[in-house]
Amino acid sequence: MTLDPFYLIVDSARWIERLVPLGVKLVQLRIKERSDEDIRNQIRIAKSICTAHRCQLIVNDFWRLAIEEGCDFVHLGQEDLAEADLGAIRAAGLKLGLSTHDEAELEAALAAAPDYVALGPIYPTILKKMKWAPQGLARLSAWRERVHPLPLVAIGGLNPERIDGVFAHGADSAAVVTDITLNADPEARTREWIRKTEAWR
0 MTLDPFYLIV DSARWIERLV PLGVKLVQLR IKERSDEDIR NQIRIAKSIC
50 TAHRCQLIVN DFWRLAIEEG CDFVHLGQED LAEADLGAIR AAGLKLGLST
100 HDEAELEAAL AAAPDYVALG PIYPTILKKM KWAPQGLARL SAWRERVHPL
150 PLVAIGGLNP ERIDGVFAHG ADSAAVVTDI TLNADPEART REWIRKTEAW
200 R
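Next up, the structure:
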């Protein structure tokens, strides 16, 4: 499979409604600490918008709700991977993306036969506190060799100025959160990301 080189991650359907119509083709809905009812509603809205704009929607963590709502892609962190029913996910036809931060997590991810692997943080990130130091571009190149032929997603501290570097070192897709959501003009920043990744499509 292939992934769009611009991988947007947002925490609400409102962001998806705001940014996907600009030309985003790959987006993850990553919601934390909400009720299942609220998350289900967010997934339904996001799915409708993404379908209308031919954008691939990836649901973070909530694989049961993703199955129930007829989604086709889920992303799991390592803790969620350990508790997830991979058989149920596969039986429902969902594609699977997995986060990795070190060698042990990569081994666990590859054993789960995912559809893509993500590595992060590549650069320092303000999204959340992490026990891992920035991975750097050299680690990205090493991961490229390890996960081939699976798509490799780079995440953490990315901005338009760093896009070419991560692709040159083996990433197939560059994931972004705060560089867009905390930007003074998220729409303009999204358009910039789309322009900068166009050459890598």
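Numbering (numbering that gives the first Met the number 0), first residue to last: 0 to 200.
Just so you know, even glycine gets a beta-carbon here, dropped at the ideal spot from N, CA and C.
These numbers come from a predicted model, not from an experiment.
Since residue i and residue j are thought to touch, with beta carbons under 8 Å apart, how far apart are those beta carbons, to the nearest angstrom?
i	j	result
K24	Q55	6 Å
P185	L18	7 Å
S140	A117	Going by Cβ atoms, the distance from S140 to A117 rounds to 15 Å, so no, they are not a contact pair.
V152	Y6	6 Å
L109	L95	Not quite, the Cβ-Cβ distance comes to about 12 Å (not below 8 Å), so this is no contact.
C49	I15	7 Å
V175	L157	5 Å
On the CB-based measure, 16 or more other CB atoms within 10 Å of its CB, does residue i come out buried or exposed?
i	result
I57	buried
W142	buried
D171	buried
T189	buried
A198	exposed
I8	buried
P20	exposed
Can you pull the DSSP bridge partners for residue i?
i	result
Q134	DSSP, once it has assigned bridges, lists no residue as partnering Q134.
F61	None, per the DSSP bridge assignment.
Y122	According to DSSP, Y122 bridges with nothing at all.
S98	A117
F72	K94
Q41	None, per the DSSP bridge assignment.
A153	L118 and A173
L28	V9 and V58
Out of the options, point me to the one whose CA is closest to residue i's CA.
i	options	result
L85	W131, A111 and Y122	A111
R161	N40, A87, G135 and A51	G135
G92	E68, E197, L109 and H100	E68
L64	Q77, R33, R53 and K195	R33
May I ask you to report which of helix, strand or coil DSSP gives residue i?
i	result
S172	strand
L2	coil
L7	strand
R33	coil
V165	helix
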